[in-house]
Amino acid sequence: QKEVEQNSGPLSVPEGAIASLNCTYSDRGSQSFFWYRQYSGKSPELIMSIYSNGDKEDGRFTAQLNKASQYVSLLIRDSQPSDSATYLCAARMDSSYKLIFGSGTRLLVRP
Amino acid sequence: KAGVTQTPRYLIKTRGQQVTLSCSPISGHRSVSWYQQTPGQGLQFLFEYFSETQRNKGNFPGRFSGRQFSNSRSEMNVSTLELGDSALYLCASSNRPGEHSTDTQYFGPGTRLTVL
Numbered sequence: 001q002k003e004v005e006q007n008s009g010p011l012s013v014p015e016g017a018i019a020s021l022n023c024t025y026s027d028r029g030s031q032s033f034f035w036y037r038q039y040s041g042k043s044p045e046l047i048m049s050i051y052s053n054g055d056k057e058d059g060r061f062t063a064q065l066n067k068a069s070q071y072v073s074l075l076i077r078d079s080q081p082s083d084s085a086t087y088l089c090a091a092r093m094d095s096s097y098k099l100i101f102g103s104g105t106r107l108l109v110r111p
Numbered sequence: 001k002a003g004v005t006q007t008p009r010y011l012i013k014t015r016g017q018q019v020t021l022s023c024s025p026i027s028g029h030r031s032v033s034w035y036q037q038t039p040g041q042g043l044q045f046l047f048e049y050f051s052e053t054q055r056n057k058g059n060f061p062g063r064f065s066g067r068q069f070s071n072s073r074s075e076m077n078v079s080t081l082e083l084g085d086s087a088l089y090l091c092a093s094s095n096r097p098g099e100h101s102t103d104t105q106y107f108g109p110g111t112r113l114t115v116l
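Chains as they are written, first to last, in this note's numbering: chain A, 1 to 111; chain B, 1 to 116.
Put into structure tokens, the structure is as follows:
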């Protein structure tokens, strides 16, 4: 069983809609969680980090963390075609930078 | 401030050869991590360095090695290349030691290695 699980998608949403991306993790020792966006042929770009239970908002993005359920999500409001990319969820135990990545969810935003 | 730079950006090698990849972190960053990305296995952690010390190593064979220099620049080496080593090799840097939940790292553009 992979330590960080994501649905590979593609998740297709119309422009302007809310895209909801989900991630589960198996290691309860994981403390910090990250969402990276990766365009085809490019390197991952950090979108959000979250380490406390609850919601964290940054512009059109909201990350949600539920440690009891071992669940992390990313909501993208007012989705734009430029948001079409693969979204990678990563978990980290504190005291190191060893990130465990999920396999990514491909998001397609239809104009 | 310049981002993480990796050289070369593209590399073609043949089986059995060895290769060295270089990473220059963002100025002032002392932590460097390396990852391998393949279509089948996704992004996998290779190793992490902080102030010239390897702090963590992923589950890769001994053919994969790395080091960090006093100026924080890092190199990784793969010996006796195999076809399965074809991948995008990513370097990430941070100005924090990674001890706190809020510490984050930033990725470079990667080196695309093709093994023939």
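Cβ atoms here follow ideal geometry from the backbone N, Cα and C, with glycine treated the same way.
Chain A contact residues for residue i, given Cβ-Cβ distances below 7 Å
i      : result
L43/B  : L88 and F101
F64/B  : The contacting residues do not exist; F64/B stays about 15 Å from chain A at best.
L116/B : Result: empty, since nearest Cβ-Cβ is about 20 Å, beyond 7 Å.
N56/B  : S96 and K98
E48/B  : S96, Y97 and K98
Reduced DSSP secondary structure (H/G/I, E/B, other) of residue i
i      : result
L81/B  : coil
D58/A  : strand
L116/B : coil
P109/B : coil
Per-residue contacts from residue i into chain B (C-beta, under 8 Å)
i     : result
L65/A : By Cβ distance, chain B contributes nothing, its closest Cβ being about 11 Å from L65/A, past 8 Å.
Expected contact under 8 Å - CB spacing of residue i and residue j to nearest Å
i     : j     : result
S22/B : S93/B : With 8 Å as the limit, S22/B and S93/B do not qualify as a contact, their Cβ atoms being about 13 Å apart.
D78/A : Q64/A : Not confirmed; about 17 Å, so no contact.
Spatial neighbours of residue i in its chain, beta-carbon cut-off 8 Å, leaving aside the 5 residues before and after
i    : result
R9/B : P109, G110, T111 and R112
Under 9 Å by beta carbon: chain A residues contacting residue i
i     : result
Y10/B : Going along chain A, no residue has its Cβ under 9 Å from Y10/B, so there is no contact; the nearest lies around 11 Å.
E75/B : Correct list: empty, because the minimum Cβ distance to chain A is about 17 Å.
6 Å CB neighbourhood of residue i in its chain, flanking five on each side removed
i     : result
S32/A : Y51 and R92
S20/A : L75
Within chain B, partners of residue i - CB distance below 7 Å
i     : result
S43/A : L90, F107, G108, P109 and G110
Interface partners of residue i on chain A, CB under 8 Å
i      : result
T104/B : F34, L46 and S49
Residues that residue i contacts on chain B, provided the C-beta gap is smaller than 9 Å
i      : result
G104/A : G42 and L43
> Along the chain, which unbroken stretches of the beta strand (DSSP E) at least 3 residues long are found entirely within the stretch 63 to 90 of chain A?
Replying inline: Listed in chain order, the complete beta strand (DSSP E) runs (minimum 3 residues) inside the stretch 63 to 90 of chain A are 71 to 76.
>> To test your reading of the DSSP string, which unbroken alpha helix (DSSP H) runs of 4 or more residues are found completely within the stretch 18 to 76 of chain B?
In response: Uninterrupted alpha helix (DSSP H) stretches at least 4 residues long and entirely within the stretch 18 to 76 of chain B do not occur.
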